[in-house]
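*Asks:* Below is one structure. I have some questions about it.
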């Protein structure tokens, strides 16, 4: 038997190891050369809404990471198991972020830049309805799919756009929740007939006001006051004085963060609170709201598209939130859960399309059918109607109780009992 | 009637805060005819100072005032020494661009340092409200208004009862004559900046218990301060007081009576009307 000398052993072994590490490096290099799919993402990253923009960015980045790397522990979440998009040979998503500054003109310009310069194959954005309206206009003109996860103006999907898709619910769906809930409350013996509306005055607020008035008429309620203001207001005292005098039973609100805090504090100073303060999320669900007003935020009722409390019935929600929490130190919120879902829906469509051609992606979006169990939302799934609106998008009503958002309606899905009417300030602990 | 009184009450209290913000703007204009477009940014910085004192050391705004005030007096003084002095002889346009640049510098420094988040304090000693018959008065608003009144009284005493104050007035009336009389005009200018910025800072400190700060908070106050100065009369201390209260009342009373949506419209309609009918302002000469 020929003895292998130590020197030769080292030489051969060393060469082998070297080759192995070289091959690994080569493989890594090859995989880096795999085509990536550029996707434009437009959100308010600076300006008054930057706080929300930052949390949306976290969620969208996490969604892209889940698509790009294997996350078998998150089954059955859509595209969690494979690395990249299987039908595009594992191609990864490459997010290109643009800052709308919360401004419709900037949002549009940035979208144009993403499409023309960065050659993105689709665009996701843009939180505020007003910005989504202009940004999607740019995408429509260029023939690039625009997916909107969280803007709630119903008008967005009434424009007969060919390239516009919205996964989340809109104000008509949401506002119907308010009235259906009030009808259920009336069945429990509560008397509710007069509504006052306090709203900011851009696309988001003004459109919601219109929808609320239509529903009020349809359901037989009287709108006794409508007060619009420009956000952020220096004060909302004049508005609330008029609302108090109107003798309303409930206030409907569309308000951003500064406004929401101001409204809460002013109501407390006035020592007055309606039977119910029912609001469209926005500023009322930003974590800073409760941090600033503390217990004074209790009993506010807000529509939500998502709540952490759903995790009891849908463990996937908790698992995704745990990963998010581990990464960013906070919980997901009902806004960025929608953004997260929007990006996943787009990724699923691109995968279905098996192509990065915009028209192929558009077709795949139009024919997309994602079952609810693959999502973290309380929806039956994602399927777009001919307007590009997800026909399964729906919402829940949550109430702030002990500084937590608890799902209280529909009663069948409630995790806590609704407190109605809200107790007056004197009787709050 | 209840509504009217309550709205007037709210307007009066808020108007006094507006007046305090307008005071510095008016004083600086009065003494050296410089429009400080960055004025509300100092208000913003003072709000941040108050916020951080509270957030890091749980220092109540009531206690923070004596700390923040001298700091901002110094900051105003420095602004004059470092920047304004150099453009004093330059054309008006250059001065406007200088303070406009300062506005952006301060605002985006705040963005860089504190981020864009909206921040508010809670658990201040100044909280809650008092009830008087059918009306209510917010305690933090009342405190801010009283402090503003106090500041105006002190300033009036300073301007009319002290030698330095009189020298400041003399400088405002005619800086050449003041100089020949041996008044150090440079010092007076710096003093006006110190007092003006400190007044805005005082407003910022007492706004914090009921308002929230972000780098763009100045927007809500700068235009209103301008309107107040025009309404009351350019360059006079009394004008700022009258103008601020006037704008606060117009905004709240007409807002509550007609439609709050248009409250800023009312305020600026009065502003335009005043420019047309009495350009020197309510108490101007």
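Residue numbers (my numbering), protein chains in the order written: chain P, 42 to 470; chain U, 34 to 318. Every residue, glycine too, gets a C-beta built ideally from N, C-alpha and C. Computed from a predicted model, the values in this text were never measured in an experiment.
For residue 278(U) and residue 97(P), I'd like the C-alpha separation in whole angstroms.
*Replies:* 42 Å
*Asks:* Would you kindly work out how many angstroms separate the C-alpha atoms of residue 72(P) and residue 369(P), rounded to a whole number?
*Replies:* The predicted position of residue 72(P) is uncertain, since its pLDDT is 47 and thus under 50; a value taken from the coordinates is nonetheless stated next. Distance between the alpha carbons of residue 72(P) and residue 369(P): 28 Å.
*Asks:* Ignoring anything shorter than 3 residues or poking outside the segment 146-184 of chain P, list the beta strand (DSSP E) runs there in chain order.
*Replies:* 163-166
*Asks:* Taking CB distances under 8 Å as the criterion, tell me whether residue 167(U) reaches chain P.
*Replies:* Taking 8 Å as the CB threshold, residue 167(U) stays off the interface with chain P.
*Asks:* Taking the C-alpha atoms as reference points, what is the distance between residue 365(P) and residue 60(U)?
*Replies:* 52 Å
*Asks:* Give me the residue from 34(U), 283(U), 45(U) and 53(U) with the minimum Cα distance to residue 186(U).
*Replies:* That would be 53(U), whose Cα lies nearest to the Cα of residue 186(U).
*Asks:* Among the residues of its own chain, which have a CB less than 7 Å from the CB of residue 84(P), if the five just before and after it don't count?
*Replies:* 94, 97, 98, 141, 166, 167 and 168
*Asks:* Should residue 195(U) be labelled buried (16 or more other beta-carbon atoms within 10 Å of its own) or exposed?
*Replies:* exposed
*Asks:* Note down, one range per segment and in chain order, each alpha helix (DSSP H) of at least 4 residues found wholly within the segment 356-412 of chain P.
*Replies:* Whole alpha helix (DSSP H) segments, 4+ residues: 356-369, 375-394 and 399-407.
*Asks:* Report back the beta-carbon spacing between residue 210(P) and residue 434(P) to the nearest angstrom; my notes put them in contact at under 8 Å.
*Replies:* 4 Å
*Asks:* Taking the alpha-carbon of residue 258(U) as reference, which of 57(U), 37(U) and 282(U) has the nearest alpha-carbon?
*Replies:* 57(U)
*Asks:* Between residue 54(U) and chain P, is there a C-beta pair that is closer than 8 Å?
*Replies:* no
*Asks:* Alpha carbon to alpha carbon, what distance is there between residue 281(P) and residue 402(P)?
*Replies:* 48 Å
*Asks:* Is residue 468(P) close to chain U, meaning its C-beta is less than 8 Å from at least one C-beta of that chain?
*Replies:* no
*Asks:* Tell me the rounded alpha-carbon separation between residue 363(P) and residue 350(P).
*Replies:* 13 Å
*Asks:* Where in the segment 425-461 of chain P do unbroken runs of the beta strand (DSSP E), each at least 3 residues long, occur, reported from the N-terminal end onward?
*Replies:* 437-442 and 445-450
*Asks:* Reducing DSSP to helix, strand and coil, say where residue 194(P) ends up.
*Replies:* coil
*Asks:* What span of residues does the alpha helix (DSSP H) with residue 235(P) cover, start to end?
*Replies:* Careful: residue 235(P) lies outside any alpha helix (DSSP H), inside the beta strand (DSSP E) at 235-241.
*Asks:* Count the other CB atoms within 10 Å of the CB of residue 246(P); is the residue buried (16 or more) or exposed (fewer)?
*Replies:* buried
*Asks:* From residue 68(P) to residue 120(P), what distance separates their C-alpha atoms?
*Replies:* The predicted position of residue 68(P) is uncertain, since its pLDDT is 49 and thus under 50; no value can be drawn from it.
*Asks:* Mark residue 262(P) as exposed unless 16 or more other C-beta atoms lie within 10 angstroms of its C-beta, in which case mark it buried.
*Replies:* buried
*Asks:* Beta strand (DSSP E) containing residue 158(U): first to last residue?
*Replies:* Premise fails: residue 158(U) is in no beta strand (DSSP E) and is neither H nor E.
*Asks:* My parser needs the alpha helix (DSSP H) runs of 4 or more residues fully inside the segment 211-292 of chain U; what are they?
*Replies:* 218-240, 252-265 and 270-282
*Asks:* Give me the DSSP bridge partner(s) of residue 292(P).
*Replies:* In the DSSP assignment, residue 292(P) forms a beta bridge with 237(P) and 318(P).
*Asks:* Could you tell me the distance, in whole angstroms, from the CA atom of residue 295(P) to the CA atom of residue 323(P)?
*Replies:* 7 Å
*Asks:* Can you name the start and end residues of the beta strand (DSSP E) that residue 171(U) belongs to?
*Replies:* 168-171
*Asks:* So, is residue 461(P) buried or exposed, given that buried needs 16 or more other C-beta atoms within 10 angstroms?
*Replies:* buried
*Asks:* Run through DSSP, which three-state label would residue 325(P) get?
*Replies:* Here residue 325(P) sits in helix by DSSP.
*Asks:* Flag residue 275(P) as yes if its beta-carbon sits less than 8 Å from any beta-carbon of chain U, otherwise no.
*Replies:* yes
*Asks:* Indicate whether at least one CB of chain P lies closer than 8 Å to the CB of residue 288(U).
*Replies:* yes
*Asks:* Let me know the secondary structure DSSP gives residue 67(U) once reduced to three states.
*Replies:* coil
*Asks:* Determine, for residue 69(P), whether the minimum Cβ-Cβ distance to residues of chain U falls below 8 Å.
*Replies:* Reliability fails at residue 69(P), whose pLDDT of 48 lies under 50, so the model's placement of it is uncertain and the value that follows must be treated cautiously. Chain U contact via Cβ: absent.
*Asks:* Rounded to whole angstroms, what's the CA-CA distance from residue 151(U) to residue 330(P)? Just pull it up for me.
*Replies:* 10 Å
*Asks:* According to DSSP, simplified to helix, strand and coil, what is residue 297(P)?
*Replies:* Three-state DSSP puts residue 297(P) in coil, outside helix and strand.
*Asks:* According to DSSP, simplified to helix, strand and coil, what is residue 43(U)?
*Replies:* helix
*Asks:* How long is the line joining the alpha carbons of residue 300(P) and residue 265(U), rounded to whole angstroms?
*Replies:* 29 Å
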